[in-house]
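Engineer: Sequence order for the protein chains is A and B.
Heads up: the first sequence begins at 1 in UniProt numbering, then just goes up one per residue.
Heads up: the second sequence begins at 1 in UniProt numbering, then just goes up one per residue.
Okay, handing you the structure first.
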Amino acid sequence: MSRAEAERRVSPLWTLGLFRSELLTTFRRWRTLALLGVLAAVPVLIGVAVRIETGDGSSAGGGGGEGPAFISQITNNGLFLVFTGLAATLPFFLPMAIGVVAGDSLAGEASAGTLRYLLVAPAGRTRLLLTKYATVMAFCLVATLVVAVSALLVGALLFPLGDLTTISGTRISFGEGLVRALLIALVVAASLTGVAALGLFVSTLTNSGIAAMATTVGLLITVQILDQIPQLHALHPYLFPHYWLSFADLMREPVHWDDLTKNLGLQALYAAVFGSAAWARFTSKDVTA
Amino acid sequence: MGEASAGEPDGAHAGDAVVATRALTKRYRGGQLAVDGLHLTVPEGSVFGFLGPNGSGKTTTIRMLMGLIEPTSGTAHVLGRPMPRSARAVLPHVGALIEGPALYGFLSGRDNLLRYDAADPTADPRTRSARVAAALDRVGLTAAAGKKAKAYSLGMKQRLGLAAALLQPRRLLVLDEPTNGLDPQGMREIRTLIRALASDGTTVFLSSHLLDEIEQVCTHAAVMARGRLITQGPVAELSAGARGRLVVTTPDPADAARVLKEQGVADVVVADDRVTGEAPERDLAEVNAALVTAGVRVRGFGVERASLEEAFVALTGEGFDVAG
């Protein structure tokens, strides 16, 4: 063994090669690109709809608080389309896309049989799991940014840009508005880490990628429904989507941090619990696929 | 290493053997005993044939050796280190093709290899593309390297799987049915490749259901049936274990059979002009002389060596493709 070992001077940085390969592999799939395409289309639809609706000078949403947050302000400032786009995609489109990518991450490799070759390579089970989770998180960020950038472009094309009014009624410059938009996109991406960990855990339980995706998305829908049932009030603070829409508090002056920190704490909790469960399961399971 | 080798059934040291298992057992959750107390020793530098009917526990054994499955009891040492505990130290020196190739259909052949190579933390990224090109060339896939893997034929996929096992210089190659899906020309190429690798000093652990393939390529072999190891050793000894048969071709079969029985040949069978029997211990020249003296006209006289297939049937008491 000494002969062969001496030949291979191993750099610790090489271990990151798997993460790079994983990113390339994920973002080269047509499925990933299709998901991102759908996400990019949502702000376009909202923007065009609002533009058509308000073509006669009336204000969107009829002032009755209908539709996603901020929708009535889009006509005054295109930047609000970023917030509306995120508010519209966060409940289902974004987490569904994450559920597909996270659910498929390990189960998909198992059903294709490539998991055994990655492990024999040897990728290392913990390293592979961390790589998968990091890639799903990267996808969360990219997916959120796709919505935000698409919304910003459509907003700039269809509506005027300029200084904007916060929820609290104060005026902030367009530049600061952009910073807030970026901050909101980051918070939205972070809001998805809980569902990403859940999807990864489900992915360790089965050898069928389709089953893992369907289970994750099914769980998401179930939790979203539970979150709407008033009788389950006591349960709500522990459901991962409960504080998702708290990102709007970043548009207050001063910013309300209460629900934002609750949201991030809850996501960290979900990531820790389901991340550990995924690790316990994946490092001990017999790979028979 | 450093473990006592006393009491080991075949007297081999874990350090000499590339693969050494002791009482290796796997019982699946359903209670099914897939591998039962396996003592397997693969000598360094050998081409080791791993034989057994479908369902005899070969694949479960290979998966335990590769750290994919945790044994229920017993130990497995690969390259002198315990598996699955030392997987990260051992597996970079092992190339494997397990239960057929598995590829990313949406990636090209070359990108598949780049990905598998990136999964190995000991693989140098600076030499990656050169090593991938060399591996593709070795299995004859250079021309098809840019095609998406989903467009590959089964034989091409098999070659790409082999290429993945050859990305680094290996000390051990584990090849599960490597010629599956290949045409005769491809099979010959793969056998040539295996011989070339073995002559470079790589130990090859080859499972196959093609007995003549094992006979042509392997120096050693082991036979499994119903989760148990039935025999292992050099291929020549295994087929010698089933004794050859004396074959006499003659236009006087009845007389020949009578003389052979007189000469102490057991189990004499007459079929047209062929008379066969168990070869006796004594000098066959005397048997031939006795035939000629008795006026039997002899066209042909000789001993047919038992093939590995006959040895296998004798050992397992069943045809090769019968599930255990």
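We treat Cβ as the ideally placed atom computed from N, Cα and C, and that holds for glycine.
All of these numbers come straight from a predicted model, not from anything done at the bench.
Excluding sequence positions up to five away, which residues of its chain have a Cβ less than 6 Å from the Cβ of glutamine 232/B?
Structural biologist: So the list reads Ala222, once near-sequence residues are dropped.
Engineer: Should glutamine 263/B be counted as a contact of the ligand ATP given a C-beta to heavy atom distance under 7 Å?
Structural biologist: In terms of ligand content, the structure shown is empty, and the ligand ATP therefore cannot be addressed.
Engineer: Would you tell me roughly how many angstroms separate the C-alpha atoms of glycine 169/A and glutamate 253/A, rounded to the nearest one?
Structural biologist: Roughly 8 Å between the two C-alpha positions.
Engineer: Bridge partners for serine 207/B per DSSP, in chain order?
Structural biologist: For serine 207/B, which the question treats as bridged, DSSP gives the partners Phe50/B and Asp176/B.
Engineer: Under three-state DSSP, which class holds glutamine 267/A?
Structural biologist: The answer is helix: DSSP assigns glutamine 267/A an H, G or I state.
Engineer: In chain order, what residues of the same chain have a beta carbon less than 8 Å from the beta carbon of glycine 74/B, not counting five sequence neighbours either side?
Structural biologist: Cβ neighbours of glycine 74/B beyond the five flanking positions: Thr21, Arg22, Ala23, Leu24, Thr25, Gly37 and Leu38.
Engineer: I'd like the span of the beta strand (DSSP E) that includes valine 73/B, first residue to last.
Structural biologist: The question names valine, yet the displayed sequence has serine at residue 73/B. Taken as a continuous stretch (DSSP letters only), the beta strand (DSSP E) holding serine 73/B covers 73-78.
Engineer: Specify the secondary structure class of alanine 123/A as computed by DSSP and reduced to three states.
Structural biologist: Coil.
Engineer: Hey, how far is the Cα of leucine 178/A from the Cα of valine 154/A?
Structural biologist: Leucine 178/A and valine 154/A: Cα-Cα distance of roughly 15 Å.
Engineer: Could you give the C-beta distance for phenylalanine 282/A and leucine 16/A, rounded to a whole number, given that I count them as a contact under 8 Å?
Structural biologist: Rounded, the Cβ-Cβ distance is 20 Å, inconsistent with contact.
Engineer: Taking the alpha carbon of threonine 26/A as the point to measure from, which residue in Val50/A, Ile74/A, Thr135/A and Val48/A has its own alpha carbon closest?
Structural biologist: Taking only the C-alpha atoms, the option nearest threonine 26/A is Thr135/A.
Engineer: Chain A partners of alanine 87/B, CB-CB under 9 Å?
Structural biologist: Simply Leu119, Val120, Pro122, Gly124 and Arg125.
Engineer: What residues match up with histidine 233/A in a beta bridge as DSSP calls it?
Structural biologist: Looking at the DSSP assignment, histidine 233/A forms no beta bridge with any residue, so it has no partner.
Engineer: Looking at C-alpha atoms only, which residue of Gly100/B, Thr179/B and Arg81/B is the closest neighbour of aspartate 16/B?
Structural biologist: Nearest option by C-alpha distance: Arg81/B.
Engineer: At what residue ranges does the segment 96-160 of chain A contain a whole run of the alpha helix (DSSP H), taking only runs of 4 or more?
Structural biologist: Entirely contained in the segment 96-160 of chain A, the alpha helix (DSSP H) runs reaching 4 residues are, in chain order, 114-120 and 125-158.
Engineer: Which of helix, strand or coil does DSSP assign to aspartate 227/A?
Structural biologist: Note: aspartate 227/A maps to coil in three-state DSSP.
Engineer: Apart from the five residues just before and just after aspartate 104/A, which ones in its own chain have a Cβ nearer than 6 Å to its Cβ?
Structural biologist: Around aspartate 104/A: Gly209 and Met213.
Engineer: With DSSP run on the structure shown, which of helix, strand or coil describes aspartate 111/B?
Structural biologist: Note: aspartate 111/B maps to helix in three-state DSSP.
Engineer: Note down the Cα distance separating valine 273/A from leucine 115/A, rounded to an integer number of angstroms.
Structural biologist: Distance between the alpha carbons of valine 273/A and leucine 115/A: 24 Å.
Engineer: Evaluate glutamate 177/B with the Cβ neighbour count: other Cβ atoms within 10 Å of its Cβ, from every protein chain shown; 16 or more gives buried, anything less gives exposed.
Structural biologist: Under this definition glutamate 177/B is a buried residue.
Engineer: Check whether the Cβ of glycine 64/A lies closer than 8 Å to any Cβ atom in chain B.
Structural biologist: Low local confidence applies: a pLDDT of 46 at glycine 64/A is under 50, so the model's placement there is unreliable, with the coordinate-based value given in what follows. Output row for glycine 64/A: interface = no.
Engineer: For valine 187/A, which of Thr215/A, Leu39/A, Ser246/A and Gly175/A has the nearest alpha-carbon?
Structural biologist: Closest by alpha carbon: Ser246/A.
Engineer: Any residues in the segment 111-145 of chain B with a beta carbon nearer than 9 Å to a beta carbon of chain A? Which ones, in chain order?
Structural biologist: Flagged, chain order: Asp111, Asn112, Leu114, Arg115, Tyr116, Asp117, Ala118, Ala119, Asp120, Pro121, Thr122, Ala123, Asp124, Pro125 and Arg128.
Engineer: Which residue or residues does DSSP assign as beta-bridge partners of glutamate 304/B?
Structural biologist: Looking at the DSSP assignment, glutamate 304/B forms a beta bridge with Arg245/B.
Engineer: The alpha helix (DSSP H) that contains alanine 198/B, what's its start and end?
Structural biologist: Segment 184-199, the alpha helix (DSSP H) holding alanine 198/B.
Engineer: Enumerate in chain order the residues of its own chain whose CB-to-CB distance from methionine 137/A is below 7 Å, with the five nearest sequence positions on each side excluded.
Structural biologist: For methionine 137/A, where only same-chain residues beyond five positions count, the Cβ hits under 7 Å are Thr193 and Ala196.
Engineer: Could you have a look at isoleucine 184/A and say whether DSSP puts it in helix, strand or coil?
Structural biologist: Here isoleucine 184/A sits in helix by DSSP.
Engineer: Does the distance from the CB of alanine 163/B to the CB of alanine 144/B come in under 8 Å?
Structural biologist: Not in contact: alanine 163/B and alanine 144/B (Cβ atoms no closer than 8 Å).
Engineer: Output yes if chain B places a C-beta closer than 8 Å to the C-beta of alanine 4/A; else output no.
Structural biologist: Confidence at alanine 4/A is low in this model, with a pLDDT of 46, below 50, so the placement of that residue is unreliable and no value is reported for it.
Engineer: Since alanine 112/A meets chain B, which of its residues come closer than 9 Å, beta carbon to beta carbon?
Structural biologist: Within 9 Å Cβ-Cβ: Ala102, Leu103, Tyr104 and Gly105.
Engineer: Could you please give the first and the last residue of the uninterrupted alpha helix (DSSP H) stretch that includes methionine 156/B?
Structural biologist: Run containing methionine 156/B: 154-165, per the alpha helix (DSSP H) assignment.
Engineer: I want to verify the contact list: residues of chain B whose CB lies under 8 Å from the CB of arginine 29/A, in sequence order.
Structural biologist: The contacting residues are Phe106.
Engineer: Along the chain, where does the alpha helix (DSSP H) containing valine 132/B start, and where does it finish?
Structural biologist: That run of the alpha helix (DSSP H) goes 128-138.
Engineer: Report yes if the CB atom of proline 253/B is closer than 8 Å to the CB atom of valine 270/B, and no otherwise.
Structural biologist: Closer than 8 Å, so yes.
Engineer: Only counting the same chain, and skipping five residues up and downstream in sequence, which positions put a Cβ closer than 6 Å to that of phenylalanine 48/B?
Structural biologist: The answer, listed in chain order, is Val42, Phe205 and His220.
Engineer: With a cut-off of 8 Å, does the C-beta of leucine 98/B fall near any C-beta of chain A?
Structural biologist: A small fix is needed here, since residue 98/B is isoleucine in this sequence, not leucine. Interface residue, yes.
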